[in-house]
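Each remark here refers to the structure printed beneath this line.
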Ligand SMILES: [Ca+2]
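In the numbering used here, the protein residues as written are 55 to 456.
What follows is the structure in structure tokens.
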């Protein structure tokens with residue numbers, strides 16, 4: 055109990071650092087792919103240290119790793135060789151997870167693709183073409199709680215380069231400061247003027263008076279509120295019957311992009327961190343993005359602060375009625391959002407789909423926001439027969455003080 059109190063006290067009073075793993079020369083690499091290479095007990099002593107590489111940095115500050123991760127991370131782009139002679143690269147990193155751990159997060163990005171295994175189980179994939187490259191926070195947020203265990207763990211990643219720049223970048227935190235800053239109102243709340251403009255924006259997106267008027271205003275708003283509305287603009291542009299409207303939209307978006315892509319350090323909050331429910335819906339039901347893009351998580355959190363009922367209804371619908379993929383994405387949103395009122399949704403998904411990835415991520419989410427009264431559902435999930443859910447449920451039970 056004393057340990058628990060100390061942990062809680064530290065979490066509340068300071069930014070606990072916990073265990074932090076960054077991509078750097080401590081990772082091991084191989085250009086060839088031996089059998090069993092992602093397994094925990096694979097012998098990687100002959101593998102070489104990862105080589106820090108330039109990655110896509112030459113394309114501009116927007117592509118630098120801190121910008122793609124969304125904060126001033128000290129992680130480095132790494133690969134098996136400096137020149138990128140190898141089209142694919144296997145990475146391994148061994149880490150010790152302390153007893154009683156409760157939360158584990160990974161934020162990662164790759165040029166061009168990555169597949170992530172934890173202790174031999176595939177946990178996630180990253181697709182560069184749906185990664186919103188060059189946008190602050192375009193990395194994917196992966197909750198590692200369903201896969202980690204106390205003691206020795208191995209994170210294994212297969213990076214694939216389609217050509218040109220190459221690299222993998224990641225930051226992992228065990229019981230560290232949450233990667234998504236939590237909104238609590240007060241000083242962090244958006245000003246009333248911004249709230250009014252957001253309401254106006256939502257109306258424009260959902261029912262513009264005329265397409266031309268609506269799109270013009272959307273462009274103005276997009277400059278102010280950032281990239282969260284860009285997909286809506288793209289959609290409108292694609293649908294515009296009037297080719298001139300589409301052309302003007304395209305030009306306007308191109309002109310606005312440099313303004314809308316804040317580069318780290320900038321201010322502490324993502325300037326594009328606003329979204330509409332329509333955009334959130336589009337993302338939840340997208341059929342390509344496998345993970346939870348970090349910038350969308352931040353955007354959704356800001357939106358959730360403004361419109362908790364709207365976000366809850368939108369995410370809950372995807373979690374309950376969607377496909378396995380949309381359910382997983384919805385749950386991963388709630389987990390990344392770290393907002394307490396998502397707790398009931400997580401519980402519902404955990405009960406309805408315990409033996410799925412969505413269920414595993416739901417249990418993981420409860421490791422952040424769970425309460426003692428969740429213990430019965432979590433105890434049931436902790437012996438459901440699906441390893442990822444069982445492990446995450448046990449971590450959540452520790453959060454709940456059980
Ligand atoms: Ca590339």
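C-beta atoms are modelled at their ideal positions from N, C-alpha and C, and glycine is treated no differently.
Query	Result
Cut-off 6 Å between Cβ atoms - residues of its own chain near residue 383, not counting five sequence neighbours on either side	338
Pocket of ligand 1 (residues with CB nearer than 5 Å to any heavy atom), chain order	165, 166, 215, 218, 219
Separation of residue 90 from residue 96, as counted between CA atoms	6 Å
Sheet register partners of residue 102 (DSSP bridge)	83
Sufficient close CB pairs (3 or more, under 8 Å) joining the stretch 194–204 to the stretch 110–124	no
Contact with chain D by residue 340, beta-carbon distance below 8 Å	Given the protein chain composition of this structure (a single chain), no chain D is represented.
Bridge-paired residues (DSSP) for residue 148	208
Selected residue, minimal CA-CA separation from residue 128, among 79, 427, 452	79
Buried or exposed (CB count within 10 angstroms, at least 16 for buried), residue 225	buried
Beta-bridge partners of residue 347, as assigned by DSSP	194
Buried/exposed call for residue 154, threshold 16 Cβ in 10 Å	exposed
Segment contact, 8 Å Cβ cut-off, at least three pairs: the stretch 404–414 with the stretch 433–450	yes
Which of helix, strand or coil DSSP assigns to residue 127	coil
Range of the contiguous alpha helix (DSSP H) that encloses residue 384	378–391
Neighbour-count burial assignment, residue 176, 16 or more Cβ in a 10 Å radius	exposed
Close-in-space but distant-in-sequence residues of the same chain around residue 447 (CB under 7 Å, 5 per side omitted)	417, 432, 435, 436
Other residues of its chain near residue 185: CB distance less than 6 Å, five sequence neighbours each side excluded	192
Assigned exposure category for residue 241 - 16 Cβ within 10 Å defines buried	Because the pLDDT at residue 241 is just 36, under 50, the model does not fix this residue reliably, and the point stays unresolved.
For residue 160: DSSP bridge partner residues	196, 226
Run of the beta strand (DSSP E) containing residue 178, from where it starts to where it stops	175–181
Spatially closest choice to residue 138 from 214, 336, 424, 349, by CA coordinates	214
Between the CA atoms of residue 188 and residue 104 - distance to the nearest angstrom	24 Å
Residue 75 (DSSP reduced to helix, strand or coil)	strand
Selection from 229, 438, 449 that minimises the alpha carbon distance to residue 424	449
When 81, 231, 430, 98 are compared against residue 132, the one with the closest alpha-carbon	81
Residue from 454, 391, 347 whose Cα sits closest to the Cα of residue 365	391
Residue 86 classed as buried or exposed, judged by whether at least 16 other C-beta atoms fall within 10 angstroms	exposed
First through last residue of the beta strand (DSSP E) which encompasses residue 167	167–172
Anticipated Cβ contact below 8 Å, residue 151 with residue 348, distance rounded	That pair is no contact at about 22 Å.
Backbone secondary structure at residue 448 - three-state DSSP	helix
Distance between residue 114 and residue 452 (C-alpha atoms, nearest Å)	44 Å
Whole-Å CB distance - residue 229 paired with residue 157, under 8 Å assumed	6 Å
Residue 190 beta carbon less than 8 Å from that of residue 72	no
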